[in-house]
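FYI, the numbering for the sequence shown is 1278 to 1391, going by my numbering. So the structure is just underneath, and the comments pick up after that.
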Amino acid sequence: MQRDSDKDSYAAMLAAVQAFHTKHDFKSTGGEELIYRVALMAEELGEVSACVSKGKPRDELAEEVADLMILLMGTAIAAKFDLNSAFWQKMNKLMLREARMVNGRIRVSEFRTK
Ligand SMILES: [Mg+2]
């Protein structure tokens, strides 16, 4: 069972998602097929979008974002990559990028010039 002290640990979260996959045997029941997982992630992103566009309460938005996060972590399990490491590599890259205002909103990108 999850201890409160583990709740901030990526490893503990990943282990919980792995336990969910194992419980329902996702590996041999299609639950780890990437094309299916992409559809599920799109579905959850739609639910996040509906929360925002329909002005639903913050706790409903938090639950839908959590759904998406669980799917993202499960996709890392399914596709056998280290999401923790990918996160930090990308975060470090993003921190070095420049920001510009585009149509009144900030955009952080590589801004390739032709
Ligand atoms: Mg949902």
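Cβ atoms here follow ideal geometry from the backbone N, Cα and C, with glycine treated the same way. Since this is a predicted model, take the numbers as computed values, not measurements.
Going by beta carbon distance, what residues of the same chain come within less than 6 Å of residue i, once the five residues before and after it are set aside?
i	result
R1377	R1384
Excluding five sequence neighbours on each side, which residues of the same chain lie with their C-beta closer than 8 Å to the C-beta of residue i?
i	result
G1307	Y1313
E1387	R1374
V1379	none
Go ahead and pull the three-state DSSP assignment for residue i.
i	result
R1377	strand
S1386	strand
F1297	helix
S1326	helix
S1286	coil
K1370	helix
T1306	coil
F1358	coil
Taking Cβ to Cβ, would you say residue i is nearer than 8 Å to residue j?
i	j	result
E1320	E1341	no
G1351	V1294	yes
V1329	L1317	no
H1298	E1310	no
May I ask you to check if the CB of residue i is nearer than 7 Å to at least one heavy atom of ligand 2?
i	result
D1336	In terms of ligand content, the structure shown lacks ligand 2 and carries ligand 1 instead.
Identify, in the order they occur along the chain, each residue of the same chain with its Cβ nearer than 7 Å to the Cβ of residue i, setting aside the five sequence neighbours on each side.
i	result
H1301	G1308
L1371	V1385
Report back the beta-carbon spacing between residue i and residue j to the nearest angstrom; my notes put them in contact at under 8 Å.
i	j	result
Y1287	N1369	Their Cβ separation, rounded to whole angstroms, is 16 Å, which puts Y1287 and N1369 out of contact at 8 Å.
- Message: So, does the region 1335-1347 touch the region 1356-1365, judging by three or more C-beta pairs under 8 Å?
- Response: no
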